Amino acid sequence: MRSQPSLKTLKIPKIYTKTGDKGFSGTFTGERRPKDDHVFEAVGTTDELSSAIGFAMELMAEKGHTFAEELQKIQCTLQEVGSALATPRSSAREAHSKHTAFGEEPALELEQWIDKYSSQLPPLTAFILPSGGRNSAALHLCRAVCRRAERRVVPLVRMGETDVNVAKFLNRLSDYLFTLARYTAMKEGETEKVYKKP
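So for the sequence shown, numbering that gives the first Met the number 0 puts the first residue at 0; every next one is plus one.
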């Protein structure tokens, strides 16, 4: 019978590395860039979006909404987005690019989900304010963060540093989150507030 290693013999990695203390961080390609570089702005905002979706997902799970599974899949896809963003093409070798390639399939799946929920919603006749109960409002917040993530990614696409499919996915994701917010309000019997000129 093998004895278990003691805590003294286990090498537990520390959460802090101190490598970013001077304001630089590393990409997946090993390149060091300032932390306020376009790449890290995009990666960070995408991470923020995943965190916001994680919070919304917990609220949805409490209500037993089945689309919480879709939100979890989206979080996994956002990890793939982060990998693609952290692999700038200007410093990526072929192996890097192959490993972090991002295709169009995730955006196409979002379109299917959008169509599924849209077909059950009444048509929009006015501008909707972020509202419709706690869960719907949480999804609207996710949508706003998603739009910011998209704005951070667009310069990278323009510079040729990342694939246009990343921006396409985020653009479609914000439409999905808007549609899902409306669907959630409807399913929970909450009233959406509409814009009225003051």
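All C-beta atoms in this analysis are idealised placements derived from N, C-alpha and C, irrespective of residue type, glycine included.
As the structure is a prediction and not an experimental result, all values here were calculated from the model.
Please go through the same chain and pick out, in chain order, the residues whose beta-carbon is closer than 7 Å to the beta-carbon of A137, but skip the five residues on each side of it.
-> F54, A55 and L58
Assuming L169 and C145 make a contact with CB atoms under 8 Å, what is their CB distance in whole Å?
-> 6 Å
Would you report the Cα separation of I73 and A125, rounded to the nearest angstrom?
-> C-alpha separation (whole angstroms): 28 Å.
Extent of the continuous alpha helix (DSSP H) to which T76 belongs | A67 to L84
Could you check which residue in M185, K186, T183 and Y175 has the C-alpha nearest to that of Q111?
-> Y175
Sequence-distant residues of its chain with Cβ nearer than 8 Å to A83 (five each side left out) | T99, A100, F101, T161, D162 and V165
According to DSSP, what are the bridge partners of V193?
-> I127
Does the Cβ of K196 lie closer than 8 Å to at least one heavy atom of the ligand GTP?
-> For the ligand GTP, the structure offers nothing, since it holds no ligand at all.
Just checking my contact of G81 with D46 at CB under 8 Å: how many whole Å lie between their CB atoms?
-> With 8 Å as the limit, G81 and D46 qualify as a contact, their Cβ atoms being about 6 Å apart.
Under the three-state DSSP convention, the category K62 falls into | helix
First and last residue of the alpha helix (DSSP H) that includes Q111?
-> E104 to S117
Euclidean distance between Cα positions of T178 and L9 | Taking the straight line from one Cα to the other gives about 49 Å.
Can you check whether the CB of L172 is closer than 9 Å to the CB of V38?
-> no
Does DSSP put P154 in a helix, in a strand, or in coil?
-> In the three-state scheme derived from DSSP, where H, G and I count as helix and E and B as strand, P154 is classed as helix.
For T161, name the three-state secondary structure that DSSP assigns.
-> coil
Tell me, to the nearest whole angstrom, how far the beta carbon of A85 is from that of S135; I am working on the premise that it is less than 8 Å.
-> Not confirmed; about 32 Å, so no contact.
Anyone know if the C-beta pair for S130 and E187 falls short of 9 Å?
-> no
Compare the C-alpha of E191 against each of P105, I113, P121 and R150 and name the closest.
-> P121
Is the beta carbon of Q78 less than 9 Å from the beta carbon of S49?
-> yes
Return helix, strand or coil for I52, following the three-state DSSP convention.
-> helix
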